[in-house]
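Undergrad: Chains as they are written, first to last, in the numbering used here: chain A, 46 to 280; chain B, 40 to 299; chain C, 9 to 421.
The beta carbon of each residue, even a glycine, is placed where N, CA and C say it ideally should be.
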Amino acid sequence: MVTVENLHKKFNKNVVLSGIDLNINEGGIFAVLGPNGSGKTTLIKTILGMVIPNKGAITVLGKNIKHNSEYRSKIDYLPQIANFPSNLKVKELIKMIKDLRGNTNEDVRLIKLFNLEPFLNKKLGNLSGGTKQKVNIVLTFMFDSPLIILDEPTTGLDPISLIRLKELIQTEKAKGKTLIITSHIMSFVEEVSDEIVFILEGEIYFKGTINELKTKTNQPDFEHAIASILIDNHA
Amino acid sequence: MLKILKYSFYDLMRSRWSYVYFIFYLLLGVVLLFLNNNLSKAVITLMNVIIVLVPLIGTIFGVMYYYNSKEFTELLLAQPLKRSSIFLGQYLGVALSLSMSLILGLGIPFVFYGLFKSNDIWDFSLLLITGTFLTFIFTALAFNIALSNENKIKGFGYAILLWLFLAVIYDGLFLMSLILFEDYPLDKLSLFGTMLNPIDLSRTLILLKLDISALLGYTGAVFKKFFGTNFGLIVSIIMLSVWVVLPVLRIVYKSNRKDF
Amino acid sequence: MKKIIVSLVVVFCASILNVKAETIEVCATCNITSIKEAIVIAKDFDTIVVKKGTYKEYNIIIDKPLTLIGENYPVIDGENKGEIITIHSDNVTVDGFHIINVGTSYIEDYAAIRVVKSKNFIIQNLKLENLFFGIYLEKAKEGKILNNTILGDAIQEYNSGNGIQLWYSKNIDIENNYVQGVRDGIYLEFSDFCNIINNVSTGNIRYGLHFMFSNNDIYQDNTFEKNGAGVAVMFSKKIKMYNNIFKKNWGSASYGLLLKEINDAEIIGNTFEENTIGINIEGTNRINYKNNDFIRNGWAMKVRGACYTNTFFENNFLYNSFDLSYNSKLNDNIFDNNYWSNYTGYDLDKNGIGDVPYRPVKLFSYIVNRTPETIILLRSLFIDIIDFSEKVSPVFTPDNLLDNNPSIKKIEW
Chain A
46 MVTVENLHKK FNKNVVLSGI DLNINEGGIF AVLGPNGSGK TTLIKTILGM
96 VIPNKGAITV LGKNIKHNSE YRSKIDYLPQ IANFPSNLKV KELIKMIKDL
146 RGNTNEDVRL IKLFNLEPFL NKKLGNLSGG TKQKVNIVLT FMFDSPLIIL
196 DEPTTGLDPI SLIRLKELIQ TEKAKGKTLI ITSHIMSFVE EVSDEIVFIL
246 EGEIYFKGTI NELKTKTNQP DFEHAIASIL IDNHA
Chain B
40 MLKILKYSFY DLMRSRWSYV YFIFYLLLGV VLLFLNNNLS KAVITLMNVI
90 IVLVPLIGTI FGVMYYYNSK EFTELLLAQP LKRSSIFLGQ YLGVALSLSM
140 SLILGLGIPF VFYGLFKSND IWDFSLLLIT GTFLTFIFTA LAFNIALSNE
190 NKIKGFGYAI LLWLFLAVIY DGLFLMSLIL FEDYPLDKLS LFGTMLNPID
240 LSRTLILLKL DISALLGYTG AVFKKFFGTN FGLIVSIIML SVWVVLPVLR
290 IVYKSNRKDF
Chain C
9 MKKIIVSLVV VFCASILNVK AETIEVCATC NITSIKEAIV IAKDFDTIVV
59 KKGTYKEYNI IIDKPLTLIG ENYPVIDGEN KGEIITIHSD NVTVDGFHII
109 NVGTSYIEDY AAIRVVKSKN FIIQNLKLEN LFFGIYLEKA KEGKILNNTI
159 LGDAIQEYNS GNGIQLWYSK NIDIENNYVQ GVRDGIYLEF SDFCNIINNV
209 STGNIRYGLH FMFSNNDIYQ DNTFEKNGAG VAVMFSKKIK MYNNIFKKNW
259 GSASYGLLLK EINDAEIIGN TFEENTIGIN IEGTNRINYK NNDFIRNGWA
309 MKVRGACYTN TFFENNFLYN SFDLSYNSKL NDNIFDNNYW SNYTGYDLDK
359 NGIGDVPYRP VKLFSYIVNR TPETIILLRS LFIDIIDFSE KVSPVFTPDN
409 LLDNNPSIKK IEW
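1) Please tell me whether Met-95 (chain A) has its Cβ less than 8 angstroms away from any Cβ of chain F.
2) Tell me, please, whether the CB atom of Asp-239 (chain A) is closer than 8 angstroms to any CB atom in chain B?
3) With DSSP as the reference, label Asn-171 (chain A) as helix, strand or coil.
4) Where does Arg-4 (chain C) sit, in a helix, a strand or coil, going by DSSP?
5) On the DSSP letters alone, give me the boundaries of the alpha helix (DSSP H) that Trp-9 (chain B) sits inside.
6) Which same chain residues, not among the five before or five after Pro-148 (chain B), have their C-beta less than 6 angstroms away from its C-beta?
7) Listed from N- to C-terminal order along the chain, which residues in the segment 97 to 119 of chain B have their beta-carbon within a distance smaller than 9 angstroms of any beta-carbon of chain A?
8) Can Asp-239 (chain A) and Phe-186 (chain A) be called in contact, C-beta distance under 8 angstroms?
9) Buried or exposed: which applies to Pro-368 (chain C), given that a residue is buried once 16 or more other Cβ atoms fall within 10 Å of its Cβ?
10) Buried or exposed: which applies to Val-133 (chain B), given that a residue is buried once 16 or more other Cβ atoms fall within 10 Å of its Cβ?
11) What three-state label does DSSP hand Thr-254 (chain A) in the structure shown?
12) Are Glu-235 (chain A) and Ile-214 (chain A) touching if we call contact CB-CB under 8 angstroms?
13) At the level of alpha carbons, what is the spacing between Asn-305 (chain C) and Phe-330 (chain C)?
14) Going by DSSP, what residues sit across from Ala-237 (chain C) in a beta bridge?
15) Kindly indicate the opening and closing residues of the alpha helix (DSSP H) around Gln-129 (chain B).
16) Please state whether the Cβ-Cβ distance between Glu-197 (chain C) and Phe-232 (chain C) is less than 8 angstroms.
17) Have a look at Met-95 (chain A) and Val-77 (chain A) and give me their C-alpha separation to the nearest angstrom.
18) Quick check: is the beta carbon of Asn-288 (chain C) nearer than 8 angstroms to any beta carbon in chain B?
19) Sorted by chain position, which residues of the same chain lie with C-beta nearer than 7 angstroms to Arg-289 (chain B)'s C-beta, five sequence neighbours on each side aside?
20) Please report how far the alpha carbon of Ile-83 (chain B) lies from the alpha carbon of Ile-121 (chain C), in whole angstroms.
21) Considering Cα atoms alone, identify which of A:Asp-196, A:Asp-266, A:Ser-228 is closest to Pro-124 (chain A).
22) Find out if the Cβ-Cβ distance for the pair Tyr-215 (chain C), Asn-230 (chain C) is shorter than 8 angstroms.
23) What are the partner residues of Trp-421 (chain C), as DSSP defines its beta bridges?
24) Can you say whether Asn-296 (chain C) is buried or exposed, counting buried as having 16 or more other CB atoms within 10 angstroms of its CB?
25) Using 8 angstroms as the threshold, is the C-beta distance between Thr-379 (chain C) and Ile-218 (chain B) below it?
26) Would Gly-236 (chain C) count as contacting chain B if we go by Cβ distances under 8 angstroms?
27) Between Arg-378 (chain C) and chain B, is any beta-carbon pair separated by less than 8 angstroms?
28) Using CA atoms only, rank isn't needed, just tell me which of C:Ile-92, C:Asn-133, C:Ile-131 is closest to Ala-119 (chain C).
29) Identify, in the order they occur along the chain, each residue of the same chain with its Cβ nearer than 6 angstroms to the Cβ of Pro-227 (chain B), setting aside the five sequence neighbours on each side.
30) Using the Cα positions of Ile-428 (chain C) and Ala-50 (chain C), report the straight-line distance between them to the nearest angstrom.
31) In chain order, what residues of the segment 43 to 65 of chain B put their CB closer than 7 angstroms to some CB of chain A?
32) Taking 8 angstroms as the threshold (beta carbon to beta carbon), is Phe-172 (chain B) in contact with chain C?
33) Counting only C-beta atoms, is Lys-248 (chain B) closer than 8 angstroms to chain C at any point?
34) State the DSSP-derived secondary structure class of Ala-280 (chain A), mapped to helix, strand or coil.
35) Assess, as a yes-or-no matter, whether the segment 96 to 103 of chain C is touched by the segment 69 to 79 of chain C under the definition of 3 or more beta carbon pairs within less than 8 angstroms.
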């Protein structure tokens, strides 16, 4: 599905990714983890073509992404902080994204699912962070793409919406899609992901299932396993 | 690109600032024409306003729009769209909506004043054309500054400096160098110096209409050719177009290499 | 109307001298086929009527009081051989000819028609083309030059002549003529008490109207357009200039009006529009400027020096690039109660007069005098700023040069 070969990226003199090789197979939920500033978001953004690598190649669905924008129609992306044009109404934003990507009717169901009907005619500038995130989720899930990338999807969500989100993720997985997720909420990652990759200082420290990680670190639970990696490396 | 342009344009057309800008020109037009009741004076005052204010608003608005729509841009970047389409679309959206405010704001009072029956319609059209050029040039320059500076405050600082330099300081240096080298033939140098600053270029274009009598008083052959024939008008318009195209090309170049 | 005047003049002349005048006809099929021949056989105060046709003649000398009338504009073609008509007698009228191809010479000033030491002549309704000099008056008096059209094709000053030239002449009326494409449209040298009224002088390479050492002349209601310079008045006294229009005289040495060594003149009610320099003055004293309009000139007035006690009252200075330029810090001229469209003051007591004096000389005009190329910075914000600072505290421009009573409204008269 997604192949990353020897990926290097620095911002000015600050090396963020140094030689990442990664292969994400089709189907399943794939979590990208790592401490703050480890390069998670940069990795995702290079896959999306928003950050341009200094070295290395990325293929998505068998196509090299360099000088290519069309492959993004196969990706649904949920950005970390959603700040939309404040003059637009929710309805108009949805219409606009549909205009840009093609039509769909999924939005009606999703709007109902997240109880967004009362906000449809409000301007985005007047919405709370949580509501904005719900709009963000609707925009991501209303298309039917084989690859879904979620950057911190749980931010600001109330418990009910969180449950709905998890359900959504599972439905998409059931359809055989590939999902790439970053999150700081370890319980959420543990609950949904099939495989994780742990990035540390721009390199892949670990790739495998959660159970394999527990075995490797000799820790009984996932959260402690992660913590032990961090302590070992910073001690 | 057209879709992005459409959304940026509508977005801006609904923003408070577009109205403020539009109403400012509307009031200016009404005051100049109906309270002063003097077309020649109105055109001269408008020229001063357009040459100073349009670049300022263009730069500030361009930089502001870029920084304010940063997250939205990121949303767009994840869509199957070319980067150049996104930025050119946004750029054209800003430049067009600013030009619209200018043209409608000044145009409406002039139309009501009965401009179409007056001889000053050419002077006035030239003013609007120049204003539109300046809007496109300075919005493009603003996008360049914003694309090159992640830091918002730095970006604003550079934008204001750019305006201050081109609107005032450049002419000061220009004047000093002309006086310093007054013993040498200067007509080529002075025309060349004008070409390098879009504000001076627009001013020259308007001078061709308003002050042709004075300009023809100078003896230099190059000057004479420039101001005495359509040569000056054509060269100025071409140079203004170059001033639009170059920054726009840099927007495309820069945006294709930038990380978000 | 013109014919009536002509015949009245003929009748008048004939009756006072009590001579029976005869009419001689000239045409290709008449007994007499050339104008010269007709003049030879004519007696004093006869009328010669020339019918339509082309007459290839030059050196036609009129040496007795005669009236020459052309019917339907007969053509006299000088074939570029020399002067065409020369008048050596008083009481001559020449009316209604189309005179072409005057010879060009670098030694003699050939004219289409010349009047030498004569008076009481009328030269009217002529059309002159392809000429060297047009109408040349030499020590002539009490004559009239009316309704003539002079169309030259002069390109350079040194090999072209003037449209209407007066030399040591007096009391001449020049009215309703149209002069175009010669060196000077109308030129007066040592000629006094002439009236130049309602003429149009345009597209001439040097001046539309030119005075040299001529005094007490009046010119009014004339139009001078697109000449090298509109009107030049030099070394002359007591010239009255009323209600003329000076327009579009463009170029590096182009003026609407050029005054040099002029005293005691009056310049009233004229319009100076879109000239490079409206009025250029040098060495002029005691001149009254009143009720003139200066509209969209490069410089409304350029004052070059040695100009004393001139007064500028109630003129309108409208949208000129520069209102006034001085080349020195001295000023002995008075500006009062003019309207300046560039005035930015206020009138709080509502008496129609600005409460702050207007300073018509800008620093930038001083800079442009020094370095002409800086004109390219006209109307720049930077220039506005330095002009403002000079206005607040004058350093380079005369600090007593002020209009203390600038009018708030355009002056009407």
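TA: Reading it off the structure:
1) This model lacks chain F altogether, as its protein chains are A, B and C.
2) If you number the first sequence from 1, residue 239 (chain A) lands on position 194. No, no contact with chain B.
3) In the first sequence, residue 171 (chain A) corresponds to position 126, counting from 1. Here Asn-171 (chain A) sits in helix by DSSP.
4) Limits of chain C in this structure are 9 at one end and 421 at the other, which puts residue 4 (chain C) out of reach.
5) Here chain B has residues from 40 to 299 only, and residue 9 (chain B) is not among them.
6) Working through the second sequence from its first residue, we reach residue 148 (chain B) at position 109. The beta carbon of Pro-148 (chain B) is closer than 6 angstroms to those of Gly-68, Val-69, Leu-72 in its chain, skipping five residues each way along the sequence.
7) Residues Asn-107, Ser-108, Lys-109, Glu-110, Phe-111, Glu-113, Leu-114, Leu-115, Leu-116, Ala-117, Gln-118, Pro-119.
8) Start at 1 with the first residue of the first sequence, and residue 239 (chain A) comes out as number 194. Start at 1 with the first residue of the first sequence, and residue 186 (chain A) comes out as number 141. No, Cβ-Cβ distance for Asp-239 (chain A) and Phe-186 (chain A) is not below 8 angstroms.
9) Within the third sequence, the letter at position 360 stands for residue 368 (chain C). With 16 or more Cβ atoms within 10 Å of its Cβ, Pro-368 (chain C) is classed as buried.
10) Numbered from 1 along the second sequence, position 94 holds the residue referred to as residue 133 (chain B). Flag for Val-133 (chain B) reads buried.
11) What you label residue 254 (chain A) is simply residue 209 of the first sequence in a count that begins at 1. Three-state DSSP puts Thr-254 (chain A) in coil, outside helix and strand.
12) Taking the first sequence and counting its residues from 1, the one referred to as residue 235 (chain A) is at position 190. Taking the first sequence and counting its residues from 1, the one referred to as residue 214 (chain A) is at position 169. The Cβ-Cβ distance between Glu-235 (chain A) and Ile-214 (chain A) does not fall below 8 angstroms.
13) Stepping through the third sequence from its first residue, residue 305 (chain C) is reached at position 297. Stepping through the third sequence from its first residue, residue 330 (chain C) is reached at position 322. Between Asn-305 (chain C) and Phe-330 (chain C), the C-alpha separation is close to 8 angstroms.
14) The sequence position of residue 237 (chain C) within the third sequence is 229, counting from 1. Looking at the DSSP assignment, Ala-237 (chain C) forms a beta bridge with C:Tyr-215.
15) Indexing the second sequence from 1 puts residue 129 (chain B) at position 90. Membership of Gln-129 (chain B) in the alpha helix (DSSP H) is indicated by the continuous run 122 to 152.
16) Mapped onto the third sequence, residue 197 (chain C) falls at position 189. Mapped onto the third sequence, residue 232 (chain C) falls at position 224. Not in contact: Glu-197 (chain C) and Phe-232 (chain C) (Cβ atoms no closer than 8 angstroms).
17) For this step, residue 95 (chain A) is matched to residue 50 along the first sequence. For this step, residue 77 (chain A) is matched to residue 32 along the first sequence. If you take the alpha carbons of Met-95 (chain A) and Val-77 (chain A), they lie about 18 angstroms apart.
18) Counted from its first residue, the third sequence places residue 288 (chain C) at position 280. Answer no: the Cβ-Cβ gap between Asn-288 (chain C) and chain B never drops below 8 angstroms.
19) The residue you call residue 289 (chain B) lines up with position 250 of the second sequence. Exclusion of the five residues before and after Arg-289 (chain B) leaves Asn-183 as the residues of its chain whose Cβ lies within less than 7 angstroms of its Cβ.
20) Counted from its first residue, the second sequence places residue 83 (chain B) at position 44. Counted from its first residue, the third sequence places residue 121 (chain C) at position 113. C-alpha separation (whole angstroms): 50 angstroms.
21) The residue you call residue 124 (chain A) lines up with position 79 of the first sequence. Checking every option, the nearest Cα to that of Pro-124 (chain A) belongs to A:Asp-196.
22) The residue labelled residue 215 (chain C) in the question sits at position 207 within the third sequence. The residue labelled residue 230 (chain C) in the question sits at position 222 within the third sequence. Contact: no.
23) For the purposes of this step, residue 421 (chain C) is identified with residue 413 of the third sequence, where counting begins at 1. Under DSSP, Trp-421 (chain C) forms no beta bridge with any residue.
24) Position 288 of the third sequence, counting from 1, holds the residue named residue 296 (chain C). With a threshold of 16 other beta carbon atoms within 10 Å, Asn-296 (chain C) falls short and is exposed.
25) Indexing the third sequence from 1 puts residue 379 (chain C) at position 371. Indexing the second sequence from 1 puts residue 218 (chain B) at position 179. Yes.
26) Along the third sequence, one-based indexing puts residue 236 (chain C) at 228. Not closer than 8 angstroms to any Cβ of chain B, the Cβ of Gly-236 (chain C) fails to qualify, so no.
27) Along the third sequence, one-based indexing puts residue 378 (chain C) at 370. Chain B contact via Cβ: present.
28) Walking along the third sequence from the start, residue 119 (chain C) turns up at place 111. Comparing Cα positions, the closest option is C:Ile-92.
29) One-based indexing of the second sequence puts residue 227 (chain B) at position 188. The displayed chain sequence assigns Lys, not Pro, to residue 227 (chain B). Excluding sequence positions up to five before and after Lys-227 (chain B), its CB lies within less than 6 angstroms of the CB of Val-261, all in the same chain and listed in chain order.
30) This structure does not reach residue 428 (chain C), given that chain C is present from 9 up to 421, and the question cannot be answered.
31) Within the segment 43 to 65 of chain B, contact with chain A at the beta-carbon level (separation under 7 angstroms) is assigned to Tyr-46, Asp-50, Arg-53, Ser-54.
32) Counting from one through the second sequence, the residue named residue 172 (chain B) turns up at place 133. No, Phe-172 (chain B) does not count as interfacial toward chain C.
33) The residue given as residue 248 (chain B) occupies position 209 in the second sequence. Using a Cβ-Cβ cut-off of 8 angstroms, Lys-248 (chain B) does not count as an interface residue toward chain C, since no Cβ of chain C sits closer than that to its own.
34) Taking the first residue of the first sequence as 1, we reach residue 280 (chain A) at position 235. The predicted position of Ala-280 (chain A) is uncertain, since its pLDDT is 49 and thus under 50; a value taken from the coordinates is nonetheless stated next. Three-state DSSP puts Ala-280 (chain A) in coil, outside helix and strand.
35) Taking 8 angstroms as the limit for Cβ pairs, the verdict is that the segment 96 to 103 of chain C does touch the segment 69 to 79 of chain C.
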